Structures are given as structure tokens and as C-alpha cells.
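A short worksheet on the structure shown next.
There are 2 protein chains.
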Amino acid sequence: MASTALFAEIAALAGDPARAGMLHALMDGRALTATELARVAGVAPQTASGHLARMTAAGLIALQRQGRHRYFRLATPAVARMMESIMEVAADHAPPRRRFAVGPRDAALRKARTCYDHLAGELGVALADALVAGGYAELDAEAGIITATGIDFLGSIGIDLEAARARRPRATAHILCRPCLDWSERRPHLAGNVGKALCAHSFAHGWVRRIDGTRAVAITPKGHRAFHGEFGVRLG
Amino acid sequence: MASTALFAEIAALAGDPARAGMLHALMDGRALTATELARVAGVAPQTASGHLARMTAAGLIALQRQGRHRYFRLATPAVARMMESIMEVAADHAPPRRRFAVGPRDAALRKARTCYDHLAGELGVALADALVAGGYAELDAEAGIITATGIDFLGSIGIDLEAARARRPRATAHILCRPCLDWSERRPHLAGNVGKALCAHSFAHGWVRRIDGTRAVAITPKGHRAFHGEFGVRLG
DNA sequence: GCGATGCTTCGGCCATCGCCGTAACGTACG
DNA sequence: CGTACGTTACGGCGATGGCCGAAGCATCGC
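Top to bottom, those sequences are chains A and B.
In terms of the working numbering, the first sequence opens at residue 1206 and continues consecutively.
In terms of the working numbering, the second sequence opens at residue 1206 and continues consecutively.
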């Protein structure tokens, strides 16, 4: 079967440490320059360039020119999902390694981070739990939905999901929503279009902001108030 | 971040052609011997043995001894999901290759096959479409549910999903169900616990049977009658 | 026991590929 | 138009790792 060769090609591209680091850095959904990616991968710019060319040809990442810079980003959400699923398997394998040696950066990542286009970490799980507890959502490892009252609730906050509902072939009272199992909490949280909308809203209203150039995000004072007031979520 | 190294390790394991072939062969959920896997991968037994040892150590596959044979199978459903997601990305990249050169084996695979623990191919998609059309299920790329009437319908056929419903923390009228986007049809079909139950039922009642040692399955005459009578599905 | 089968380990060969040096190219900016 | 910066192309080095031949263990059948 020819598809096996393609499969191996994609997996091998993701399997090189330098390329994996670059893909990891792009997991926040932003676009980075070749030089930035070279730095995070710990290789020389010319080495990074070669990697980027190969991954671009394979459709893993996409290139967009802007002035004299060339910005690279993950080509499709499918690539982000692929990486999530590999990380899930890698996390299963993690135990043999030490767990306690988490630096401050890891601590920030566990607290709150973006997972391509949605929020993850303690924050992401807490928000999902709050929605489930309030009867606004149902969620397990296989699938999730936002209930009719959940759509109204999120709408009252200013997150409009009617567009997503209208896109469904048969107008139903709820919205299907993709769950995402992340490596730090080992529990599902909101992903897909709904998670993306919630994340975008959080950034737009200054509830969270990015920490330097990583995937980690910081919860602003305003965000603490909003997450507690709207969702009943309080994070130490 | 240490998790990047683990990520690369897992992806690299999946990225070797020989290992990818073995993993592919195990995607039907069965357990195969080291010799069988060596044959499908096209390498000598001793080479296969090394690959299998590495993948077992990494937690990708599991070993169960049985007499003088050693049977290998995918370690967890998470590994199968990882492979599905890689195949999805690989399929996006496929266009540059020729599409028409599908041999009889590929044709059988496209018609009906198992995808780890559930049915895929034309058959899998047709069954999912039939359930959606009958109001028994809702399904999109992000998530899926089996409706209350769907639970009753499947129950009337003999597929009991009450256990799955009872497992849910809050007893609801429906069951969340994982969708799976497969490479040949490019459309979602039923996976997860529900897809697994439907597949198991189909095998148990002789509706489908495996074709030699591949992932492809053949629909029996009895199966044609059942799929048409129960689901309204008719496949040429 | 003895041979046969299935699997694993060891040793050495070979190819692939990641890496960086140097150098050339193209595009913005002064 | 020249400089500077970012990116790409080429060549050679080095190491990782896949591959098989041969030999060593284990298990089953006679």
C-alpha cells in the first residue's frame, strides 16, 4: 500500500528533534520567522532553512511572505491535531522520566497555555469543568457538545456560536464540540471551533496574554475576575 | 522542554518505513506474530525483532506471549488515534502522487475495512450516513452523538449501548461518540465505543469477515441483507 | 532426549541524514 | 546604489541507525 510510505514520510519529518522543536514552537498557532525557529530548535539558520523547506514541501507548515521576512505557521489544524495525538502517546510513555524537575517555564505551561487555537492547562480544564458543572456542556474523551443553555450562556458573555450552529446541516439545539486531551492535566478540555472562539475571546478582552515567545499564557487581573465572575473558576 | 524529545522519539519510531508497515498491519486491532510482522514489513526476522523491541519499550505496541509465539498488538487506542491523525495529514499531502493506480487490494480497502476497532471505508461512511439520516445520530468532524432514538434503534438490533450510557457521570438521553475521518472517503464515520460495538456486532453476526490477512473486510450475503434491511444501506 | 520452530542477541557493513562551513542570492532600508 | 540582513545552495564531515549473516535461547512436538 502506497499510503504507508506517505505515512512514514510524515512521521519521520516530525521525528527529528530539530524539526519537532520547530513544530512545537508553532503549536501556539502563530507564525514565526526562520531565524526564530532556528533559535528554538538550537541549530544554525541554514540548517533550519533546509528543515523548513522539507516540511513546507510535505504540507506540514505553510509559508507566508511579509516584507523581507518569511513567516512559517502550521499548515492546517490537522497538523496540530496530529501533534496533539503524538504528545498523548508520548505522555503515556513519560513515567520512566523524572516528573519533579519542572522549571518555572514548565510551571507556567501547566498553568495555562494555548494548544494551537484553544486554551489548555489548568485553565483550559477548569473552564471546561465549569461549563460541564453548569450544565452548559457535556464532555468526555470521545466527544463533547455545548447544550442549548450553554450556547445562551456563552452568548451572554459575548461569544457567539450561532454561526457554528447554523453551519450544521440540520439545525439542532446544541453544538458538537471537539475535546482535547492534554499531556499535563490528562483530562479533556474544549477544543475545536468552540474552544477556538473561547480562546480568541479571552485574548480579545485581555483576560490572558502571551508570556514572551512561548505557548504559555498569563492570566491578567481582569482575567481572574472574569473567569471567577463568569465561570466560577478560581486559579491560585 | 523535555516533552519535545519524547515527542520526537515517538514520531521517529513511527517514521521508519519498516516500523510504519508493522504498525499499519496492526491497525486492524489484531495481534500478529513477529514473523508475520517481519513479512509485511519486508525485512528479515531479526531486523523485525529489533524494531519490535524498541516499539514495545516505547509503549507503542504490547506483547503477549502465547506458547512459543509472541503476539504483538497496538498498546493502546491512543496509538491507533495517533496513526489515524498522521494518515489524515499524509492524505492531505497525497495529491502529488497518482491516485488511479489502485490495485484490487486497495479497492477492497476502500470498500470496507477495519480502522483499529471500528468499520471504515465506504461501508463505515454509509452506515454513519444512514444513522444520521434516520435521526439516530449526529456527526461532524469534531464530535458525534447517538440520540435517544438511536440508542433504542441500535438496541433493537442487538447492540447494547446502555453500558456506555451508564458510564457517563451524568445520565443523559444520548451518548457521546468519537468521529473518525478516514483517508479514502475523507468524511467522518463512527469510531470510539459505539463504532467498536457496531464493528464487533457485525463480525459476531457474520455480516462481514476479514479478507486474508489485511485490514480489508468482505461483506457477506447475510451482511448485505442486514445492512440493507436494518440501515437501508446498499453497496454495489 | 532430540530435532524443529520461533524469536532474540551480537557483530559488522553500509546508507542516510543531520550538521555546519563557506558562499551566493534576493529583498528591504538608508 | 550600496549596505545589511535574512535566506538559500553546495560540499564535506560525522554519527546515527537500519540491515542482514551467524550464532545463541527458549518452547513445543515426536
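Note that the Cβ used here is the ideal one computed from N, Cα and C, for glycine as well.
Remember, it's a predicted structure, so these values are computed and weren't measured experimentally.
query	result
Three-state secondary structure assigned by DSSP to R1244(B)	helix
Ranges of the alpha helix (DSSP H) found wholly within the segment 1254 to 1330 of chain B, counting only runs of at least 4	1282 to 1298 and 1309 to 1316
Residues of the segment 1250 to 1269 of chain B with Cβ closer than 8 Å to any Cβ of chain A, in chain order	A1263, G1264 and L1265
Spatially closest choice to L1359(A) from F1436(A), E1241(A) and A1346(A), by CA coordinates	F1436(A)
Cβ-Cβ distance between A1285(A) and S1208(B) below 8 Å	no
Residues from the segment 1285 to 1301 of chain A in contact with chain B, defined by Cβ distance under 7 Å	R1286, M1287, S1290, I1291, M1292, E1293, V1294, A1295, D1297, H1298 and A1299
Stretch-stretch touch, CB-based, cutoff 8 Å, three pairs: the segment 1237 to 1251 of chain A with the segment 1316 to 1331 of chain A	no
Nearest-angstrom Cα separation, counted from L1403(A) out to P1322(A)	Residue identity differs from the one stated: residue 1322(A) is Asp in this sequence, not Pro. Their Cα atoms are separated by approximately 9 Å.
Nonlocal neighbours in the same chain, by C-beta distance under 8 Å from F1212(A), ignoring five residues either side	none
Through-space distance from A1236(A) to L1228(A), alpha-carbon basis	11 Å
Closest Cα partner of T1238(A) within the set A1219(A), G1220(A) and L1268(A)	L1268(A)
L1211(A) at chain B interface by Cβ criterion, 8 Å	yes
Alpha-carbon to alpha-carbon, A1368(B) and T1240(A)	54 Å
Same chain, Cβ closer than 7 Å to V1337(A), neighbours up to 5 away in sequence not counted	E1343 and L1344
Under 8 Å from the C-beta of P1222(A): neighbouring residues of chain B	T1209, A1210 and A1213
CB contact check: D1345(A) to chain B, cutoff 8 Å	yes
Expected contact under 8 Å - CB spacing of L1395(A) and G1355(A) to nearest Å	Their Cβ separation, rounded to whole angstroms, is 10 Å, which puts L1395(A) and G1355(A) out of contact at 8 Å.
For T1252(A), three-class secondary structure by DSSP	helix
Residue-level contact to chain B via CB, I1350(A), 8 Å cutoff	yes
Interface partners of C1404(B) on chain A, CB under 9 Å	Per Cβ cutoff of 9 Å: no residues; C1404(B) is ~15 Å from chain A at best.
Within the segment 1397 to 1425 of chain B, ranges of the beta strand (DSSP E) (whole runs, at least 3 residues)	1413 to 1415 and 1422 to 1424
Three CB pairs or more closer than 8 Å across the segment 1258 to 1277 of chain B and the segment 1251 to 1262 of chain A	no
Three-state class that DSSP yields for L1440(A) in the structure shown	coil
Status (buried if at least 16 other CB within 10 Å, exposed otherwise) for R1270(B)	exposed
R1391(A) versus G1441(B): straight-line alpha-carbon distance, rounded	44 Å
DSSP state of Y1341(B) mapped onto helix, strand, coil	coil
Within-8 Å CB hit, C1320(A) to chain B	no
For Y1276(A) and E1293(B), the rounded distance between their alpha carbons	24 Å
Extent of the continuous beta strand (DSSP E) run through G1363(B)	Where G1363(B) is concerned, there is no enclosing beta strand (DSSP E), given that its DSSP letter is neither H nor E.
Counted within 10 angstroms of its Cβ, other Cβ atoms place P1393(B) as buried (16 or more) or exposed	buried
Local Cβ density within 10 Å of G1264(A), reported as buried at 16 or more and exposed below that	buried
Within chain B, the residues that G1226(A) reaches when beta carbons sit closer than 7 Å	T1209
Close-in-space but distant-in-sequence residues of the same chain around S1290(B) (CB under 7 Å, 5 per side omitted)	none
Beta-carbon proximity list for R1224(A), same chain, < 7 Å, skipping 5 on both sides	L1218, H1256 and M1260
Pairwise C-alpha distance: A1353(B) and V1438(A)	32 Å
Residue range of the unbroken alpha helix (DSSP H) whose run includes H1394(B)	That residue, H1394(B), is in no alpha helix (DSSP H); its beta strand (DSSP E) goes P1393 to L1395.
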